[in-house]
Each structure stands twice: as structure tokens, then as C-alpha cells.
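Asks: Just so you know, the protein sequences line up as chains A and B, in that order.
Under my numbering, the final residue of the first sequence carries the number 219; numbering is consecutive throughout.
Under my numbering, the final residue of the second sequence carries the number 434; numbering is consecutive throughout.
Before I ask anything, let me first share the structure, which is written out below as C-alpha cells.
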Amino acid sequence: MTAAAHTQIPVPDGFDRHAVEQFLYREARLADEGDYDAWEALWTDDALYWVPIDGAGDDPQQQMSVIYDNRNRIATRLKQLRTGKRYAQAPPSNLRRLLSNIEFLGGSANPDGDVDLEVGANFLGIESRPRGIRLWGGRTTYRLRRHDGELRLAYKKVVLVDNDKPLPTLGFLI
Amino acid sequence: MTAVVSQYDRLIKRDKVHGSLYTDPAIFAEELRKIWYRSWVFVGHESEVAQPGDYARKRLGLQDVIMTRDRDGQLHLLLNRCAHRGNQVCSEAKGNASAFRCPYHGWTYRNDGELVGFPFFKGYGQRKLDLALGRVPRVDSYRGFVFGSFASDGPTLLEHLGGAAGEIERLVRLSPEGRVELTAGWLQHRTEANWKLLAENETDGYHPQFVHGSIFGVTGSPIGALYSDNSTAVTRDLGNGHSENDLRPEFRKFAEPMRWFGTTESRVPGYVAAMRAKHGADAERILIEGGPHVMVFPNLFIAEIQVFNIQPVAVDQCVQYSTAVQLAGAAELNRRMVSQCVGSVGPAGMLLADDTEMYERNQAGLESLTPEWLDVRRGLNREAVDENGYTVGGATDETGMRGFWRQYKSLMEAP
Chain A
46 MTAAAHTQIP VPDGFDRHAV EQFLYREARL ADEGDYDAWE ALWTDDALYW VPIDGAGDDP
106 QQQMSVIYDN RNRIATRLKQ LRTGKRYAQA PPSNLRRLLS NIEFLGGSAN PDGDVDLEVG
166 ANFLGIESRP RGIRLWGGRT TYRLRRHDGE LRLAYKKVVL VDNDKPLPTL GFLI
Chain B
20 MTAVVSQYDR LIKRDKVHGS LYTDPAIFAE ELRKIWYRSW VFVGHESEVA QPGDYARKRL
80 GLQDVIMTRD RDGQLHLLLN RCAHRGNQVC SEAKGNASAF RCPYHGWTYR NDGELVGFPF
140 FKGYGQRKLD LALGRVPRVD SYRGFVFGSF ASDGPTLLEH LGGAAGEIER LVRLSPEGRV
200 ELTAGWLQHR TEANWKLLAE NETDGYHPQF VHGSIFGVTG SPIGALYSDN STAVTRDLGN
260 GHSENDLRPE FRKFAEPMRW FGTTESRVPG YVAAMRAKHG ADAERILIEG GPHVMVFPNL
320 FIAEIQVFNI QPVAVDQCVQ YSTAVQLAGA AELNRRMVSQ CVGSVGPAGM LLADDTEMYE
380 RNQAGLESLT PEWLDVRRGL NREAVDENGY TVGGATDETG MRGFWRQYKS LMEAP
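This is how it looks when you write it as C-alpha cells:
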């Protein structure tokens with residue numbers, strides 16, 4: 046599950062840097078703006094959305110995580126948000142995040158027999174809620190897949206810099 | 020000859036409690052002295068320090084405590100403060116070490132707290148000093164759950180647990196090996212609310228349909244029905260401030276093994292077989308009735324498959340630590356328990372993030388000057404006493420809260 050295991054495979058050919066960056070920025074904007082339908086459409090069927098605790102995270106099947114969503118649970122999370130009664134996000138947070146240090150890290154074999162692109166990026170986001178203003182920051186690892194000429198998100202792992210400390214409620218899509 | 024009316028007599032009534040109990044920093048300071056640094060408080064679990072030399076940093080009230088297991092297997096709760104200048108001697112969250120060496124001047128303590136050395140002894144004219152790490156004077160565990168009390172004497176842990184001990188027992192019985200482990204790590208959820216709002220909410224059966232309606236609705240969860248107006252579940256005041264939502268009457272109605280876990284026996288055949296081998300004739304009942312939903316005063320909450328440790332930070336802030344129950348000998352269940360628990364609890368949990376939003380709005384609401392009181396009368400009109408002498412209310416009644424406040428008042432009125 047570690048990024049290191051996947052960097053054994055070199056960066057696959059055919060991923061345009063500009064297109065990848067545009068995809069990551071779009072994903073960030075959709076999450077910031079709570080555009081749940083468009084955000085959900087970015088994911089592949091074998092999606093994994095993971096926010097570990099205590100550093101890079103141990104075996105997520107045996108250890109607690111802040112979020113460890115497969116495609117099905119992503120759908121449930123979004124359905125709950127869409128009810129408008131997910132109080133942790135109703136009213137929604139006001140959000141903006143920056144992505145930086147975008148690096149093509151390598152490749153990751155996918156179930157189609159092809160290779161996903163693994164990309165790393167740093168992020169810094171600001172969340173405004175009645176509780177106050179909060180900075181969220183960390184490192185995100187993405188796996189992107191080509192699907193019918195478009196990019197899709199197969200994997201997103203968000204390692205918060207302070208995931209070894211008490212975190213406030215994280216109701217939005219990080 | 021006028022009777023002395025204590026401050027807490029004025030603030031805590033049978034059917035209402037005063038808002039200042041949640042907002043007054045002086046009351047919070049008194050709680051630290053009279054509850055957190057006196058009563059038995061849940062700290063952690065023996066499985067977190069399974070081997071000699073293992074340690075784990077914990078909180079007990081505002082105290083930074085190192086839970087250790089020494090070479091003889093004995094548990095200790097050490098205060099993270101060098102006896103020399105007060106520096107912290109341990110900076111790691113957990114690990115294995117026979118000794119802790121203060122980085123400031125190199126004083127070294129064994130993992131039972133004894134000072135075993137300090138550099139340049141000639142400056143003290145002796146090789147031994149009568150100093151040690153601070154210790155929580157009483158440490159005890161029940162079925163692996165470790166508690167500490169800063170009072171050198173007082174009720175034993177078993178006396179404190181009273182009726183809640185049987186509920187911990189009920190959890191442990193779900194393991195085919197009779198053992199629970201808390202080894203999945205703890206989520207840490209910072210909460211801008213007074214700790215008592217959490218303790219009261221844990222067995223409040225009135226809120227789930229409203230606060231959690233969003234997730235019950237989209238998943239078709241049957242949990243909501245357990246806390247409906249016509250549920251046969253009961254809320255029980257277990258004494259000493261402990262309380263439970265006893266859901267067994269609802270599960271008995273269906274009489275389906277593993278329904279309590281949201282599954283069927285055909286999906287966890289190995290577990291069910293191991294439980295039948297272990298418990299014989301009792302197995303059916305255990306598999307139907309499931310785990311406890313119990314709040315152990317002041318800070319341990321066991322909700323079927325997850326365990327919470329609540330620790331205060333300030334009058335308007337606390338931390339909820341949460342982890343999945345792991346049952347020894349139940350590999351089939353353990354990963355599901357982690358998965359369900361991760362989905363439900365912690366900062367992004369589909370249940371607990373909404374509870375926490377309520378706690379925080381509740382704290383903000385309490386800044387309003389009127390009405391001054393919070394109402395806790397729900398169910399007073401229909402309470403009964405059960406065969407064990409415990410007061411029992413309906414599934415959605417505030418019986419547990421009233422029990423909490425009775426214990427709170429008695430501790431706070433003590434000198």
C-alpha cells in the first residue's frame with residue numbers, strides 16, 4: 046500500500062503534464078465548492094479515498110483511519126452530504142485550497158492491465174466555519190487512469206501534516 | 020440550624036441543570052480536582068502495552084501520562100515530568116523502552132518511575148536521590164480496560180464500576196477467547212464543547228433519529244428504529260453515574276444471531292461456530308443480544324463495536340479518542356469492525372462528526388443568557404425500577420443523564 050512500492054514502476058507514457066495538472070486543480074475546485082455530482086464522476090469503480098492517521102498510515106484494514114472509503118462508501122458519503130442534513134457540513138464550509146509541488150512519481154498497475162499514473166502534490170487549504178478558521182495542509186498522492194480519452198481518479202491518499210494530533214471535524218471533501 | 024445549601028444543590032435539580040455547569044471556568048477547575056484527579060478515570064487498554072517495556076502516552080484530565088508495562092508485567096501510569104526541572108521525559112507517542120532519559124540533563128528513570136541515574140553525581144555529593152517520576156497512585160484494570168485514580172484511597176475500581184462491570188463483561192464475552200484488544204489505534208477528534216455534553220449524549224436515545232437521520236436514511240440502517248418512540252429498548256441508570264441504552268429487548272424480538280452487528284450468521288460462519296463451541300447453550304442468547312451500549316462515568320463509552328475515551332481540555336474543549344473493538348479469536352469480524360468503525364466515528368465519521376457538530380452548537384447556544392437551565396425531565400413520568408434495583412426509562416428518555424448528574428453532584432459536593 047505504500048507509495049514506495051508503486052514507484053518501482055516508472056512513470057507511464059502518455060500522461061500530459063498540463064492535462065494532469067488541470068485535472069488535479071479541477072478535482073480541488075469541485076471539492077472546495079461542494080460540487081458532489083461532478084466530483085463523484087471523477088472516480089473509477091475501484092476507487093479508494095484514504096486519509097490515514099499517525100503519519101503515512103499502516104494497514105488500513107487493521108488500523109483506524111480518518112477516512113477509508115471504497116467507491117461504495119464514497120457514494121454513501123456523498124448521498125449523506127446531499128441530504129442537506131449532514132450537520133457537520135450543513136451549512137457547508139467555505140473552502141479554498143492550493144496545490145503545489147506537483148510531481149509525477151511513477152506508475153501503479155491497475156485492474157485493466159494498464160498502468161495508472163501516480164502523482165504527488167502538497168496542499169494547503171483554508172476552511173471557514175462558525176467554529177472559526179482552520180488551516181489544513183499535507184501531502185496528497187493520486188493515481189490517475191486514462192478512461193475513454195479522459196482522466197479518472199482511482200486513488201487519493203491525503204496525509205495531513207498533523208494527523209498524529211486531535212483534528213477538528215472534517216466534514217468537507219479533503 | 021439552617022441547612023447548608025451547596026452551590027451544586029442550586030445548580031443541579033432532579034429535572035434540570037444550570038447552564039453555567041458547562042461554561043464556568045471555575046467549575047471546570049473544580050471538576051479537575053474532584054472528578055478527573057480523584058475518581059477512577061479510563062486511560063487506555065492493556066493490549067496497547069502488551070509486552071514488557073511497552074509504553075503509550077495517554078491523557079488523564081490535563082495530565083500527560085505514560086502508560087507503561089515494566090519487566091515484571093506490572094502496569095504503571097507515570098507523569099511525564101522530570102523530577103529535576105520538570106522537562107518532559109517522553110516525547111514519542113508509543114514504543115518500547117526499559118527507561119526514559121530526560122533530554123535536558125540526562126536524568127534516567129526506569130519504566131516503573133524509579134530514578135536510576137543522573138550525570139555528574141559529585142555535584143549532589145551522592146549517587147542516590149530520593150526522587151522519582153510522579154505516578155498515578157492507583158492503577159487498576161478490568162477485563163483489560165485500564166483506569167487510574169489520583170486518590171490514594173477511596174472506592175476500588177470494582178466498586179466504582181458497579182453495574183457497569185457487567186456491561187464490560189458483556190463486550191468481552193463476544194470474543195471466542197474471552198478477550199478484547201484495542202490495537203487498531205485511536206482517532207483523535209478535537210471538540211469545542213464541554214466534556215459533559217458528550218457524556219450525557221452517549222446514552223441519549225432521543226437524538227439519533229434527528230442528528231443521524233441523514234445517514235440512517237441513505238443507508239436504510241435499522242439503528243434508527245432502536246431509538247424510535249415505540250422502541251422496546253430501555254435506558255438504564257446503572258448507578259455511580261454509569262448508564263446504558265439496553266437494546267436487547269429489540270434484538271430479542273427478532274431473535275436473529277448477529278443482527279446486532281448488521282449481518283447474518285451465514286456471513287460470519289467461523290465466528291458463530293467458535294462462539295457456539297465456547298459458550299454452548301448460552302451462545303444463542305449472546306449472539307442475538309450483541310454488545311453493550313454503555314457510558315462509564317466519567318469518560319469511557321462503549322458503543323457495541325467501538326470504544327471512546329473522552330478527555331477534557333478546557334471548559335469549552337475536549338478530545339474524543341475512538342477506536343474499533345477487536346475481539347480475540349474473531350478474525351472474521353475484526354476487519355469489518357475496523358471498517359464500520361472508520362465509517363462511523365472520528366472527525367469525518369458519518370455518525371460522530373454530526374454528534375460533534377451538535378456538541379459544538381450546543382456549547383455556543385449555552386452562551387445565550389436565557390433560559391438559564393437545560394431540561395432533563397424527559398421520562399420522569401414513566402420511570403420504573405427493575406429487578407436489580409436500577410432505574411429504567413424508555414428508549415428515548417433522559418434517565419441516563421439524571422444518573423450522571425446525581426454522581427456528578429455527589430463528587431462535586433465532597434470537600
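Quick reminder that beta carbons are idealized off the backbone N, C-alpha and C, glycines included.
Could you compute how far the alpha carbon of R191(A) sits from the alpha carbon of Y70(A)?
Replies: Your numbering for residue 191(A) matches position 146 in the first sequence. Your numbering for residue 70(A) matches position 25 in the first sequence. Looking at the two C-alpha atoms, the distance is approximately 17 Å.
Asks: With 16 other CB atoms within 10 Å as the buried threshold, where does S363(B) fall?
Replies: As a position in the second sequence, residue 363(B) is number 344, starting the count at 1. It is buried - the Cβ of S363(B) has at least 16 other Cβ atoms within 10 Å.
Asks: Determine whether the Cβ of M377(B) lies closer than 8 Å to any Cβ atom of chain A.
Replies: By 1-based counting over the second sequence, the position of residue 377(B) is 358. Output row for M377(B): interface = yes.
Asks: Any beta-carbon of chain B closer than 8 Å to the one on I119(A)?
Replies: Translated into positions along the first sequence, residue 119(A) becomes position 74. False, the Cβ-Cβ gap to chain B never drops below 8 Å.
Asks: For the region 333-359 of chain B, which residues have a beta carbon sitting closer than 8 Å to at least one beta carbon of chain A?
Replies: Here the close residues are V338, S341, T342, A343, N353, R354, V357 and S358.
Asks: For L180(A), name the three-state secondary structure that DSSP assigns.
Replies: For the purposes of this step, residue 180(A) is taken as the residue at position 135 of the first sequence. Strand.
Asks: For a contact meaning CB atoms closer than 7 Å, what does T185(A) contact in chain B?
Replies: The count along the first sequence starts at 1 and reaches residue 185(A) at position 140. Residues of chain B passing the Cβ test: none, with the nearest at roughly 15 Å.
Asks: Based on Cα-Cα distance, which residue from L51(B), Q336(B) and H95(B) lies nearest to R380(B)?
Replies: The residue given as residue 380(B) occupies position 361 in the second sequence. Cα-wise, what sits closest to R380(B) is Q336(B).
Asks: Kindly indicate if chain A contains any beta-carbon less than 8 Å away from that of W214(B).
Replies: On the second sequence, position 195 is the one that residue 214(B) refers to. No, its Cβ sits nowhere closer than 8 Å to a Cβ of chain A.
Asks: Taking any Cβ of chain A, which residues in the region 69-89 of chain B have a Cβ under 7 Å from it, in chain order?
Replies: none
Asks: What residues of chain B sit near D99(A), judged by a beta carbon separation below 7 Å?
Replies: Taking the first residue of the first sequence as position 1, residue 99(A) is located at position 54. Within 7 Å Cβ-Cβ: G204.
Asks: What residues of chain B sit near V203(A), judged by a beta carbon separation below 8 Å?
Replies: On the first sequence, residue 203(A) is found 158 positions in, with the first residue counted as 1. Going along chain B, no residue has its Cβ under 8 Å from V203(A), so there is no contact; the nearest lies around 11 Å.
Asks: What's the gap between the Cα of L371(B) and the Cα of G408(B)?
Replies: Start at 1 with the first residue of the second sequence, and residue 371(B) comes out as number 352. Start at 1 with the first residue of the second sequence, and residue 408(B) comes out as number 389. The alpha-carbon atoms of L371(B) and G408(B) are separated by roughly 32 Å.
Asks: Could you tell me which of S250(B), Q145(B) and G299(B) sits nearest to A414(B), measuring between CA atoms?
Replies: Working through the second sequence from its first residue, we reach residue 414(B) at position 395. A414(B) has its Cα closest to that of S250(B), out of S250(B), Q145(B) and G299(B).
Asks: Could you pull the start and end residues of the alpha helix (DSSP H) that P44(B) belongs to?
Replies: As a position in the second sequence, residue 44(B) is number 25, starting the count at 1. First-last of the alpha helix (DSSP H) with P44(B): P44 to E50.
Asks: Please look up how many angstroms separate the CB atoms of I329(B) and L217(B), rounded, as I've assumed it's under 8 Å.
Replies: If you number the second sequence from 1, residue 329(B) lands on position 310. If you number the second sequence from 1, residue 217(B) lands on position 198. Right, the Cβ-Cβ distance comes to about 5 Å (below 8 Å), so this counts as a contact.
Asks: In terms of alpha-carbon separation, which member of G80(B), L30(B), R90(B) and T254(B) lies closest to G398(B)?
Replies: Counting from 1 along the second sequence, the entry for residue 398(B) is found at position 379. The shortest Cα separation from G398(B) among G80(B), L30(B), R90(B) and T254(B) belongs to T254(B).
Asks: With DSSP as the reference, label L75(A) as helix, strand or coil.
Replies: Position 30 of the first sequence holds residue 75(A). L75(A) falls in the helix class under three-state DSSP.
Asks: Who does E133(B) pair with in a DSSP beta bridge?
Replies: Counting from 1 along the second sequence, the entry for residue 133(B) is found at position 114. Answer is A151(B).
Asks: Just to confirm my understanding: we take G365(B), look at its own chain, exclude 5 residues before and 5 after, and list those with CB closer than 7 Å. What are they?
Replies: Residue 365(B) sits at position 346 when you count from the first residue of the second sequence. Excluding residues up to 5 positions away in sequence, L206, H208, S341 and L371 lie with their Cβ nearer than 7 Å to the Cβ of G365(B) in the same chain.
Asks: Rounded to whole angstroms, what is the Cα-Cα separation between Q53(A) and G348(B)?
Replies: Within the first sequence, the letter at position 8 stands for residue 53(A). Within the second sequence, the letter at position 329 stands for residue 348(B). The alpha-carbon atoms of Q53(A) and G348(B) are separated by roughly 37 Å.
Asks: Measuring alpha carbon to alpha carbon, tell me which of I307(B), V326(B) and A383(B) ends up nearest L346(B).
Replies: Within the second sequence, residue 346(B) is the residue found at index 327, counting from 1. For L346(B), the nearest C-alpha among the options comes from V326(B).
Asks: Check for me: the alpha helix (DSSP H) holding F320(B) runs from which residue to which?
Replies: For the purposes of this step, residue 320(B) is taken as the residue at position 301 of the second sequence. Per DSSP, F320(B) lies in no alpha helix (DSSP H); the unbroken beta strand (DSSP E) holding it starts and ends at L319 to A322.
Asks: DSSP three-state call for W279(B): helix, strand or coil?
Replies: Position 260 of the second sequence, counted from the first residue, corresponds to residue 279(B). Correct three-state label for W279(B): helix.
Asks: Any beta carbon from chain A within less than 8 Å of S194(B)'s own beta carbon?
Replies: Within the second sequence, numbered from 1, the residue matching residue 194(B) stands at position 175. Chain A has no Cβ within less than 8 Å of the Cβ of S194(B).
Asks: Going by other Cβ atoms of all chains shown within 10 Å of its Cβ, with 16 needed for buried, is Q82(B) buried or exposed?
Replies: Counting from one through the second sequence, the residue named residue 82(B) turns up at place 63. Buried, since its Cβ has 16 or more Cβ neighbours within 10 Å.
Asks: With DSSP run on the structure shown, which of helix, strand or coil describes R304(B)?
Replies: As a first step, residue 304(B) must be located in the second sequence, where it is residue number 285. Correct three-state label for R304(B): helix.
Asks: Figure out for me which residue from F61(B), T87(B), E196(B) and E402(B) has the closest Cα to the Cα of Y290(B).
Replies: Residue 290(B) sits at position 271 when you count from the first residue of the second sequence. The option with the nearest alpha carbon to Y290(B) is E196(B).
Asks: In terms of residues, what are the limits of the alpha helix (DSSP H) holding W424(B)?
Replies: Here residue 424(B) refers to the residue found at position 405 of the second sequence. Note, W424(B): alpha helix (DSSP H), T418 to E432.
Asks: In the DSSP assignment, the alpha helix (DSSP H) including V164(A) goes from what residue to what residue?
Replies: Position 119 of the first sequence, counted from the start, is the residue given in the question as residue 164(A). Note, V164(A): premise wrong, no alpha helix (DSSP H); beta strand (DSSP E) at V160 to R174.
Asks: Counting only beta-carbon separations shorter than 8 Å, does G194(A) have a partner in chain B?
Replies: To locate residue 194(A), count along the first sequence from 1; it is residue 149. Residue contact check for G194(A) against chain B: no CB pair falls below 8 Å.
Asks: Measure the C-alpha to C-alpha separation of A265(B) and G422(B) and round it to an integer number of angstroms.
Replies: Locating residue 265(B) in the second sequence gives position 246, counting from the first residue. Locating residue 422(B) in the second sequence gives position 403, counting from the first residue. The identity of residue 265(B) in the sequence shown is Asp, whereas the question assumes Ala. Spanning the two alpha carbons is a distance of roughly 15 Å.
Asks: Assuming F137(B) contacts L148(B) (C-beta within less than 8 Å), just tell me the rounded distance between them.
Replies: Taking the second sequence and counting its residues from 1, one reaches residue 137(B) at position 118. Taking the second sequence and counting its residues from 1, one reaches residue 148(B) at position 129. With a Cβ gap of about 7 Å, F137(B) and L148(B) count as contacting.
Asks: In whole angstroms, what separates the C-alpha of R33(B) from that of V332(B)?
Replies: Here residue 33(B) refers to the residue found at position 14 of the second sequence. Here residue 332(B) refers to the residue found at position 313 of the second sequence. Distance between the alpha carbons of R33(B) and V332(B) is about 28 Å.
Asks: At the 8 Å Cβ level, is Q106(A) part of the contact set with chain B, yes or no?
Replies: In the first sequence, residue 106(A) corresponds to position 61, counting from 1. Yes, Q106(A) counts as interfacial toward chain B.
Asks: Given that Q107(B) touches chain A, what residues does it touch there, using C-beta distances under 7 Å?
Replies: Sequence index remark: in the second sequence, residue 107(B) carries index 88 (1-based). Neighbours of Q107(B) on chain A: none; closest Cβ ~16 Å, over 7 Å.
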